[in-house]
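Peer 1: Residue numbers (the working numbering): 22 to 373.
Take this structure, written in structure tokens, and hold onto it; I'll ask about it next.
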Amino acid sequence: MLLQRPRFSSFFPSALLLLTAVLAGCQGPEQPTRSAAGRANEFLFCHWNVENFFDDHFDHRSQAGDKEYDAWFAENPTILQEKLAHITEAMLKLNEGRGPDILGIVEVESLRAAELLKDALNAKIQDPAFQYKHVLMKEVSGGRHIAPAIITRLGVRGDRTRLHGRQQRILEAHLVVDNKELVIFESHWTSRLRPTGEHGREDYANKIYGEFHAMHKSNPRVDVLIAGDFNDTPEDISVTKHLHATGDIEAVRRDGPEPLLFDLFAGKDPASFGTHYFHKWLIFDQIVVSPGMLDNENWSCDVDSARTVNTLYRPGDRLKRPWRFGSENDHFPQRGYSDHFPVTVRLRVHES
């Protein structure tokens, strides 16, 4: 997502964890002194589906899918530590060894799981200036307990963090550097395994575009970044028609009354940029930006820097597919990372 099944003790009492979550929602903006790469106001964003990442608490989840991972992670501390170690190892290979400045992840059971990952990353980062400070997350209340989360060392407006839609996994987060705000929608769209999946993914796209459109109407230069496991490709209608995302950058820059969004992975070759493999390479994990991210004011995006981190494959795999961590029922000689590759892009905050 074997050994003896001892209960993995909590790192913090639950009451303290709840208080921490409440305080996180009250955080004001904080300003980092420099980016992880050491260049003023340049930052690395990464999105990753981390594949069924559960915490050390047994919550008696009954939902199909949740049930096996809930008990397995809670009652097998070595499995949880292995999962944390693998995610941490992969992330700290990025950004000159300091990890992404903004890490958006999906398939996260709980705030506690995200906090455990933040702590695991910080334990490997020696320079206090690059420690991760914030976890932005709202746990889902229905369906599978696999939600989006954002871990960052940058300033945040935590009181503006929200989860959109009924039982939808769309996290809205607000980051701020030098009083310049970036809005991020980190999301995980409906699976293709569901009979109603196509309609569900269209609903996700409609909801996200509606939120962006309202912001754009108030401020046409609003800086918005949309990332996630869309479970559709850049060419599917959920992305092109319902999210209004395209690979035509000039059309996005024209920025009319029905603004378009720019998909950094549109037109990319799945053989080189694929993030998931199911009979063939698929670009399911994408990064999409607003017209405001294509100018040289406030936040901007280096569109040519978009990458798929496609090095996380099992040695000897001829197809070089994502190396899964798997479940209790998988008896791998060695567990990997996730069934998806991460995607990254470089961002910049411009001086006023």
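We put the beta carbon where it would ideally sit given N, CA and C, even for glycine.
Do you know how far the Cα of Gln84 is from the Cα of Val370?
Peer 2: 42 Å
Peer 1: Would DSSP call Arg55 helix, strand or coil?
Peer 2: Residue confidence is low: Arg55 scores 47 on pLDDT, short of 50, so the model does not pin down where it sits. No coordinate-derived value is stated.
Peer 1: DSSP puts Lys201 in a beta bridge; with which residues?
Peer 2: Val198
Peer 1: Given Met158, which residues of its chain have a CB within under 6 Å of its CB, disregarding the five upstream and five downstream residues?
Peer 2: Annotation for Met158: Leu132, Ala135, Ala170 place their beta carbon closer than 6 Å to its own, counting only its chain and skipping 5 residues before and after.
Peer 1: Closer than 7 Å by C-beta to Arg82: which residues in its own chain qualify, once you throw out the five before and the five after it? Chain order, please.
Peer 2: Lys88, Asp91, His166
Peer 1: Bridge partners of Thr173, per DSSP?
Peer 2: Beta-bridge annotation (DSSP): Thr173 is paired with Ile123, His155.
Peer 1: What number of angstroms, rounded off, separates the C-alpha of His155 from the C-alpha of Val243?
Peer 2: Computed Cα separation, rounded: 23 Å.
Peer 1: Does DSSP put Phe75 in a helix, in a strand, or in coil?
Peer 2: coil
Peer 1: For Phe299, is the classification buried or exposed, using 16 other Cβ atoms within 10 angstroms of its Cβ as the cut-off for buried?
Peer 2: exposed
Peer 1: Do the region 269-284 and the region 200-207 touch if we need at least three Cβ pairs shorter than 8 Å?
Peer 2: Touching, no, given that fewer than three Cβ pairs across the two stretches are closer than 8 Å.
Peer 1: Report the rounded CA-to-CA distance for Thr217 versus Glu223, giving the unit in angstroms.
Peer 2: 10 Å
Peer 1: Do His265 and Tyr378 come within 9 Å of each other at the CB atom, strictly closer than that value?
Peer 2: Residue 378 cannot be examined here, being either before or after the span of the chain that is shown, 22 to 373.
Peer 1: Glu72 and Asp360 look like a contact to me (Cβ under 8 Å); what is the Cβ gap, rounded to whole Å?
Peer 2: Correct: roughly 5 Å between the Cβ atoms.
Peer 1: Under the rule that 16 or more other beta-carbon atoms within 10 Å means buried, what is Asn240, buried or exposed?
Peer 2: Using a 10 angstroms sphere on the CB of Asn240, the tally of other CB atoms stays under 16, which defines it as exposed.
Peer 1: Could you give the uninterrupted runs of the alpha helix (DSSP H) lying entirely in the region 70-119, keeping only those of 4 residues or more?
Peer 2: If only complete runs of 4 or more residues are kept, the region 70-119 shows the alpha helix (DSSP H) at 87-96, 98-112, in order along the chain.
Peer 1: Between the alpha carbons of Val260 and Arg367, how many angstroms are there, rounded?
Peer 2: Between Val260 and Arg367, the C-alpha separation is close to 22 Å.
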